[in-house]
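Residue numbers (the working numbering): 57 to 447. A virtual CB, placed ideally from N, CA and C, is assigned to each residue, including glycine. Please read these numbers as outputs of a predicted model, since none were measured by experiment.
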Ligand code: PHE
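#1: When you measure from the CB of residue 230 to every non-hydrogen atom of ligand 1, does any distance come out below 8 Å?
#2: What does the alpha-carbon distance come out to for the pair residue 229 and residue 433?
#3: Confirm the yes/no value for this check: CB of residue 359, any heavy atom of ligand 1, distance under 8 Å.
#4: Select from 78, 399 and 440 the residue whose C-alpha is nearest the C-alpha of residue 285.
#5: If you follow the alpha helix (DSSP H) that residue 73 is part of, which residue opens it and which one closes it?
#6: I need the DSSP call for residue 302, collapsed to helix, strand or coil.
#7: Does any heavy atom of ligand 1 sit closer than 8 Å to the C-beta of residue 276?
#8: Which term fits residue 358, buried or exposed, when burial requires 16 or more other beta carbons within 10 angstroms of its beta carbon?
#9: Taking just the CA atoms, how far does residue 310 sit from residue 232?
#10: Under the rule that 16 or more other beta-carbon atoms within 10 Å means buried, what is residue 170, buried or exposed?
#11: Should residue 417 and residue 390 be called a contact, given that it needs their Cβ atoms to be closer than 9 Å?
#12: Could you pull the DSSP bridge partners for residue 312 from this structure?
#13: Quick check: the Cα distance between residue 386 and residue 337, rounded to an integer number of angstroms?
#14: Would you decide whether residue 203 is buried or exposed? Buried here means 16 or more other CB atoms lie within 10 Å of its CB.
#15: Closest to residue 237 by CA distance: which of 219, 275, 195 and 262 is it?
#16: Would residue 121 be called buried (16 or more neighbouring beta carbons within 10 Å of its own) or exposed?
#17: For residue 366, which of 373, 374 and 393 has the nearest alpha-carbon?
#18: Return the chain-ordered ranges of every alpha helix (DSSP H) run that is complete within the segment 318-367 and spans a minimum of 4 residues.
#19: When you measure from the CB of residue 415 to every non-hydrogen atom of ligand 1, does any distance come out below 8 Å?
#20: Who pairs with residue 273 in a beta bridge, going by DSSP?
#21: Using a Cβ-based criterion (distance less than 8 Å to any ligand heavy atom), does residue 374 qualify as near ligand 1?
#22: Please work out which residues of its chain come closer than 6 Å, Cβ to Cβ, to residue 407, disregarding the five sequence neighbours upstream and downstream, and give them in chain order.
#23: Shortest alpha-carbon distance to residue 152 belongs to which of 197, 128 and 90?
#24: Could you check how far apart the C-beta atoms of residue 298 and residue 278 are, in whole angstroms? I think they sit under 8 Å.
#25: Between the beta-carbon of residue 449 and the beta-carbon of residue 321, is there less than 9 Å?
#26: Taking the alpha-carbon positions, what's the residue 119 to residue 58 distance?
#27: Can you list, in chain order, the residues of its chain whose CB lies under 6 Å from that of residue 241, leaving out five sequence neighbours each side?
#28: Which class does residue 443 belong to by DSSP, given the choice of helix, strand or coil?
#29: Taking the alpha-carbon positions, what's the residue 444 to residue 427 distance?
#30: If you pair each beta-carbon of the segment 250-268 with each one of the segment 367-375, do three or more pairs fall below 8 Å?
#31: Ligand 1 and residue 420: does the residue's C-beta get closer than 8 Å to at least one heavy atom of that ligand?
#32: According to DSSP, is residue 170 part of a helix, a strand, or is it coil?
#33: Got a sec, what are the start and stop residues for the alpha helix (DSSP H) residue 372 sits in?
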């Protein structure tokens, strides 16, 4: 293997010969390079700052040159530096060239030609290859993106909102994180009242030092929006409050810790239970078909008195009794009632002058009934095979 000889003779001819021997040695070594590791070894051997061959000729040839030959030797060494650098670079490109796969373009193989490419042409050959490999056929069909559709839950929500808007209701929204006051207290759930257990939820951490009514929680229903609306507006009020709500419920086929509600409120002079019944009967017929009947039974909510549970006649069997209605012919669907005068007290409405009704329904449950879906979890899994059915 080549090693840098000491020079005795600094004549131009001797310098030329020494240079030629060096370049021949490099040419041989560079032709033998087979892979990236060898290519790096070649570069280190010849060009490493510390003890590479270029450094050696600088030390052995140039520094030792008699002062009369210094200039000549200096020029020679500089020229050699450039040549060596160029040749090492060529070795690298040859390797690239060798590793470049043949590509098929328009039915023709464009790849390594059978003849060696002259070193001077390597650069342009590599550039052409790169271009060819990156070529794009604009006539190929593009990536097809399906158009999205509204989620079935939101579709039901939109439809039921439209039913109430047609009856003169406006839409109000409120925060999903609300205070104990709006979610419970102003709705006549006193602290420690057992009715709070039916709507257990998550409280925001680190609020122990706040008074209970100010503590923030994930709202369990959209009723707090009704309180906020009554604080803002004097009667007559007709408002619906759609939105996302949270409860500490373990997920199963009919429960989800996150779901959607639509609640409504109507307050005016002379509002009676008959208004409540007529309004909800109309809404259920609009959603489930005109042959559906409604039935009202006493229930309990802290914020309504009296409270009524609303059932619809089973849209699957028409009251005959089937697995959907568990044989009863009826399906419970809404909570409702006449607004408790105590609630009016929280918003400064005069209960002697005004009366009103309120109601609330679960959107997922309505959607399940309308599309015969038997697992509420489907709405939240994001499985396109499920969602596609609604496109
Ligand atoms: N807020 C009740 C719930 O989430 C529903 C409801 C609203 C009941 C209005 C009566 C009146 O369960």
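The short version:
#1: no
#2: 25 Å
#3: yes
#4: 399
#5: 68-87
#6: strand
#7: yes
#8: buried
#9: 22 Å
#10: With a pLDDT of 46 at residue 170, under the threshold of 50, the modelled position of that residue is not reliable, and the figure given next carries that caveat. It is exposed - the Cβ of residue 170 has fewer than 16 other Cβ atoms within 10 Å.
#11: yes
#12: Looking at the DSSP assignment, residue 312 forms no beta bridge with any residue, so it has no partner.
#13: 14 Å
#14: exposed
#15: 275
#16: buried
#17: 393
#18: 329-344
#19: yes
#20: 234 and 259
#21: no
#22: 397 and 400
#23: 90
#24: 7 Å
#25: The displayed coordinates of the chain run from 57 to 447. Any statement about residue 449 would go beyond what the structure contains.
#26: 20 Å
#27: 269
#28: helix
#29: 13 Å
#30: no
#31: no
#32: Model confidence at residue 170 stands at a pLDDT of 46, short of 50, so the residue's coordinates are unreliable; what they give is reported in the following sentence. Here residue 170 sits in coil by DSSP.
#33: Premise fails: residue 372 is in no alpha helix (DSSP H) and is neither H nor E.
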